[in-house]
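In this note's numbering, the protein residues as written are 2 to 414. Each residue gets a CB set at the ideal place from its N, CA and C atoms; glycine is no exception. Because the structure is a prediction, the values reported are computed rather than measured.
Given below as structure tokens:
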């Protein structure tokens, strides 16, 4: 019977190293777990290693070619199913194999194939996940590591699944709300382009046949129409040029900060961006703290998830404040980026030792605020788009009818 060397943690968190005889790795893990230990590393000895390699070679899944990265919805489903299997008492390796086999070809399946191989070889789950940063974020890996260290992986996975579901729900709300105005703007631009390129040249031909002296507004309209007819291919270059210009500016630290600061100053949109970041970062921090991740490491992870240089600077000050033995609330208050309510709730959380609960409450409140802000933005965009389209179409119609009216007046004399 093969022998397996293991490293584990006992109920007090002390490290235990020993070996156990078992027919396979799953049985070895179950035996160690039955002793009351939590396995962090399992390695087969020479005899066991050969058997494991043969078994792995025989049942190894093949990777498939896929385009794109890991879908957020698929990761949420995997995490929820993984937490359910762990809660049912299945070994980690067996749970991973079950989920990997039932998963359709995708980037996540390819990553899981490697994770299964690494865990089979004796690597810790967090270590195996950490090799695939495109599939499993730093937050994900650190929470799993905390779950392994504390012997509560199933609870951590449940929290992770809840967190990912909330984050995906918030993202879906914002994207869903932006679809309607984006479609309206696209259709409006398409209609205006068609009028300029196809309709106005026909009116120009009529005006030229009568040899009319055109009003200033009509001359300008025809000039724009001629330019669009001759250089229509340059129209898509404008948004592309703006995109690459912004990308270029973001390459510099000062430019990146200036752009992120400018976004926060935009009326309504800036408020939406700010509330979205607060909701996401507070939930992330609360999830990490409740999972047992050290506070300094948690702040570093939160800083990376902010995706805004202004907020990143704020969290850097929070990091330095905690390192010096001060509070989280003080640098939050000094930054003036978050409301007094957030500062007060964080302060109360620090005083009562219930910081994670307070952070969850802040994130729930801001989730609702994002909903309200999105609805307000839509309510504001609709009249703005109607007024803009009405003004533009009205200007085109008036510019075309002014010379027609003049022509009719000349014919009636």
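- Under a 10 Å Cβ-count criterion, residue 316 is classified as buried, with 16 or more other Cβ atoms of the shown protein chains found around its own Cβ.
- With fewer than 16 other beta carbons inside 10 angstroms of its own, residue 170 counts as exposed.
- Here residue 285 is buried, its C-beta having at least 16 other C-beta atoms within 10 Å.
- The alpha-carbon of residue 175 is positioned some 12 angstroms away from that of residue 370.
- Within its own chain, the residues whose Cβ lies closer than 8 angstroms to the Cβ of residue 269, once the five positions on either side in sequence are excluded, are 374, 377, 378 and 381, listed in chain order.
- In the DSSP annotation of this structure, the continuous segment of the alpha helix (DSSP H) that includes residue 258 starts and ends at 254-266.
- In this structure, DSSP gives residue 325 a state outside helix and strand, which the three-state scheme calls coil.
- Per DSSP, reduced to three states, the secondary structure at residue 19 is strand.
- In the DSSP assignment, residue 347 falls within the alpha helix (DSSP H) that extends over 341-353.
- In this model, residue 238 and residue 246 are separated by some 12 angstroms (Cα to Cα).
- With respect to the 8 angstroms criterion, residue 205 and residue 192 are not classified as neighbours on the basis of their beta carbons.
- Annotation for residue 273: 175, 371, 374, 375 and 378 place their beta carbon closer than 8 angstroms to its own, counting only its chain and skipping 5 residues before and after.
- For residue 45, the enclosing beta strand (DSSP E) has its first and last residue at 39-45.
- In this structure, DSSP gives residue 6 an extended state, which the three-state scheme calls strand.
- In the three-state reduction of the DSSP assignment, residue 105 falls in the coil class, being assigned neither a helical nor a strand state.
- DSSP places residue 271 in the helix class (H, G or I) of the three-state scheme.
- Within the same chain, Cβ atoms closer than 7 angstroms to the Cβ of residue 130 are found at 116, 137, 141, 142 and 145, the five residues on either side in sequence being excluded.
- Less than 8 angstroms divides the Cβ of residue 290 from the Cβ of residue 299.
- By the criterion of at least three beta-carbon pairs nearer than 8 angstroms, the segment 120-127 is not in contact with the segment 183-201.
- Rounded to whole angstroms, the gap between the alpha carbons of residue 335 and residue 341 is 11 angstroms.
- DSSP, reduced to helix, strand and coil, places residue 312 within a helical segment of the structure shown.
- Distance from the CA atom of residue 261 to the CA atom of residue 309, rounded to whole angstroms, is 6 angstroms.
- Residue 125 carries a coil assignment under DSSP once its states are collapsed to helix, strand and coil.
- Looking only at 17, 15, 32 and 16, the smallest Cα-Cα distance to residue 23 is reached by 32.
- Taking every protein chain shown into account, the CB of residue 11 has fewer than 16 other CB atoms within 10 angstroms, so this residue is exposed.
- Separation of residue 25 and residue 34 (C-alpha to C-alpha, rounded to the nearest whole angstrom) is 14 angstroms.
- Segment contact: the segment 98-110 against the segment 79-90, three or more CB-CB distances shorter than 8 angstroms; contact assigned.
- Rounded to whole angstroms, the gap between the alpha carbons of residue 302 and residue 324 is 15 angstroms.
- Minimum Cα-Cα distance from residue 149 among the listed residues 127, 135 and 132 corresponds to 127.
- Judged by DSSP in its simplified three-state form, residue 72 adopts coil rather than helix or strand.
- In this structure residue 87 is in contact with residue 158, their Cβ atoms being roughly 6 angstroms apart against a cut-off of 8 angstroms.
- The alpha-carbon separation between residue 228 and residue 394 amounts to approximately 18 angstroms.
- For residue 11, there is no enclosing alpha helix (DSSP H), as DSSP marks it with neither H nor E.
- Assignment of residue 213 by DSSP, reduced to helix, strand and coil, places it in the coil class.
- Residue 63 and residue 6 have their alpha carbons spaced roughly 29 angstroms apart.
- Taking C-alpha positions only, residue 392 is separated from residue 219 by approximately 15 angstroms.
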